[in-house]
Amino acid sequence: MYGFFFIPLTLVTIFHPLFWAFGVLRHGLFHIKIIATEFLVVLLSAIFFIKIFSYSNVLELYFNIFIFTITTFLGYLIIRSVLKEVRTRERMENLAEELATANARLRALDQQKTEFVSIASHQLRSPLTAIKGYSSMLLEGSFGKLSKKTYDAVDRIFQSSQRLVLIVEDFLNVSRIEQGRMKYDFSTFNFKELVLRVVEEQRPVAEKKGLEITFSAEKLKKYMLMADPGKISQVVTNFIDNSIKYTPKGSININLSQDSEKMLLTIRDTGVGISKETMPKLFDKFSRALDASKTNTGGTGLGLYVAKEIMKAHKGRVWAESSGEGKGSTFFIEFSGDSVK
Ligand code: ADP
114 MYGFFFIPLT LVTIFHPLFW AFGVLRHGLF HIKIIATEFL VVLLSAIFFI
164 KIFSYSNVLE LYFNIFIFTI TTFLGYLIIR SVLKEVRTRE RMENLAEELA
214 TANARLRALD QQKTEFVSIA SHQLRSPLTA IKGYSSMLLE GSFGKLSKKT
264 YDAVDRIFQS SQRLVLIVED FLNVSRIEQG RMKYDFSTFN FKELVLRVVE
314 EQRPVAEKKG LEITFSAEKL KKYMLMADPG KISQVVTNFI DNSIKYTPKG
364 SININLSQDS EKMLLTIRDT GVGISKETMP KLFDKFSRAL DASKTNTGGT
414 GLGLYVAKEI MKAHKGRVWA ESSGEGKGST FFIEFSGDSV K
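Our numbering numbers the first residue of the sequence shown as 114 and each following residue consecutively.
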């Protein structure tokens, strides 16, 4: 009476293992996780397949066939999802490998760029020194008196070459920092005297713009610092120079203070201020406020980055505060720990 079911069941018996064998072969026999899942599913299917034949009535036969079909179908779904997961992982591994290669290549390119900037900047330095030197001599009258018109033209050459020297120096500093070649000459010196010297150097530039520049420091403090005076002078000059450049009118107030552990230089200006958007990137390489060129066309956006790196090498800190655009800015230079003597 059950012979009716026998033919399809025989077909299933023949094709079922073939179906799985095909699946296993097609999707790669070598992957342990896939093999284990496939083995388990085949085993379960085989058990339920055998169980089909142990029935006592038609209902039980249908039930057994149903269980076998469901098990096989679910098994197929599980294998498919395991395969998918394995494939995704393989793809991710490949991507990670490709990314690592791309990263290595980018690092090599970055290194080449730094070397190029370094070589180019070195090559620019000597002709620039000649341009600056000769234009300065012309202005001083070493080659005879100049007419007003010629004087103005040569003065422009001199000012531009001076700006270029600073830009080239910034580029050289950045490549030195990136190549880890920045050299520091540490010694003990009076920081207050250094700041005063920079303020006096910058005073004529500020006054030419009609800006008031003041310096204050609490008396009776020693202000002795263990640092590289040349590099620290560069940082202080950059901050004061910036406060002059980015302040169309008003004043610049510089204050120095010291306690037992820290020394803090504050440079407060009444200038263009810093927006909330610019603030987080202020000390990044090539970072300039969107409208920075309105107040200062010649900037490179490297000065603050170099200053930050120099201060890092001194285990010090630099940061800025501003209430927003048009509300002035305050820059801070802080030394602590062993630097403060
Ligand atoms: P540069 O002045 O050559 O552009 P810096 O690295 O010295 O480069 O400064 C980066 C940017 O920070 C400037 O372009 C300017 O937008 C902003 N900035 C620096 N100092 C001030 C300041 N005192 N007031 C307002 N903005 C400033």
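Virtual Cβ for every residue (Gly too), placed ideally from N, Cα, C.
Buried or exposed by the 16-neighbour rule on C-beta atoms within 10 Å, applied to HIS427: Within a 10 Å sphere around the beta-carbon of HIS427 sit 16 or more other beta-carbons, which makes this residue buried.
PHE448 versus PHE399 - alpha carbon distance: Across the structure, PHE448 and PHE399 are spaced so that their CA atoms are roughly 25 Å apart.
CB of ILE357 within 8 Å of CB of LEU324, strictly: Their beta carbons are under 8 Å apart, which means ILE357 touches LEU324 by this criterion.
For VAL281, the first and last residue of its enclosing alpha helix (DSSP H): Unbroken alpha helix (DSSP H) run through VAL281: 261-291.
Where the alpha helix (DSSP H) through MET424 begins and ends: Residue range 416-426 is occupied by the alpha helix (DSSP H) that includes MET424.
Option nearest GLU291 by Cα separation, candidates ILE345, ILE145, SER231: Checked all of ILE345, ILE145, SER231; the closest Cα to GLU291 is SER231.
Supposed close pair THR301, MET339 - CB separation, criterion 8 Å: Between THR301 and MET339, the beta carbon gap of about 5 Å places them in contact (Cβ cut-off 8 Å).
PHE328 and VAL312 closer than 8 Å at C-beta: Cβ distance < 8 Å, so PHE328 and VAL312 count as in contact.
ALA319 (DSSP reduced to helix, strand or coil): In the structure shown, ALA319 sits in a helix (DSSP, three-state: H, G or I).
Complete alpha helix (DSSP H) runs within the stretch 337-364 (minimum length 4 residues, chain order): The qualifying runs are 342-358.
TYR359 CB to nearest heavy atom of ligand 1 below 7 Å: Because some heavy atom of ligand 1 lies under 7 Å away, the Cβ of TYR359 counts as near it: yes.
Outcome for MET376 when other beta-carbon atoms lying within 10 angstroms are tallied against a minimum of 16: Flag for MET376 reads buried.
Bridge-paired residues (DSSP) for GLN371: MET376, per the DSSP bridge assignment.
Residue range of the unbroken alpha helix (DSSP H) whose run includes THR214: Where THR214 is concerned, the enclosing alpha helix (DSSP H) stretches over 171-253.
Cβ-heavy atom distance, ARG56 to ligand 1, below 7 Å: Residue 56 lies beyond the stretch modelled for the chain, which goes from 114 to 454, so this question has no answer here.
Chain-order list of residues whose beta-carbon lies under 7 Å from that of MET114 (same chain, five-residue window excluded): The predicted position of MET114 is uncertain, since its pLDDT is 44 and thus under 50; a value taken from the coordinates is nonetheless stated next. So the list is empty, once near-sequence residues are dropped.
Ligand 1 heavy atom lying under 7 Å from the CB of SER442: Yes; taking the cut-off as 7 Å, the Cβ of SER442 has a heavy atom of ligand 1 nearer than that.
Of the listed residues SER406, TYR418, ALA319, nearest to ASP382 (C-alpha basis): The residue among SER406, TYR418, ALA319 with its C-alpha nearest the C-alpha of ASP382 is ALA319.
Contact test: ALA405 Cβ vs ligand 1 heavy atom, cutoff 7 Å: Flag set: Cβ of ALA405 near ligand 1.
Beta-carbon separation (whole angstroms), GLY437 vs GLY386, contact threshold 8 Å: Yes, they are in contact, since the Cβ atoms of GLY437 and GLY386 sit about 6 Å apart, within 8 Å.
Those residues which DSSP pairs with VAL312 across a bridge: Under DSSP, no beta-bridge partner is assigned to VAL312.
Continuous beta strand (DSSP E) stretch holding GLU447: start and end: In the DSSP assignment, GLU447 falls within the unbroken beta strand (DSSP E) covering 442-449.
Cβ-Cβ distance between SER234 and VAL267 below 8 Å: The Cβ atoms of SER234 and VAL267 do not sit closer than 8 Å to each other.
Assigned exposure category for VAL419 - 16 Cβ within 10 Å defines buried: By the neighbour-count rule (16 or more Cβ atoms within 10 Å), VAL419 is buried.
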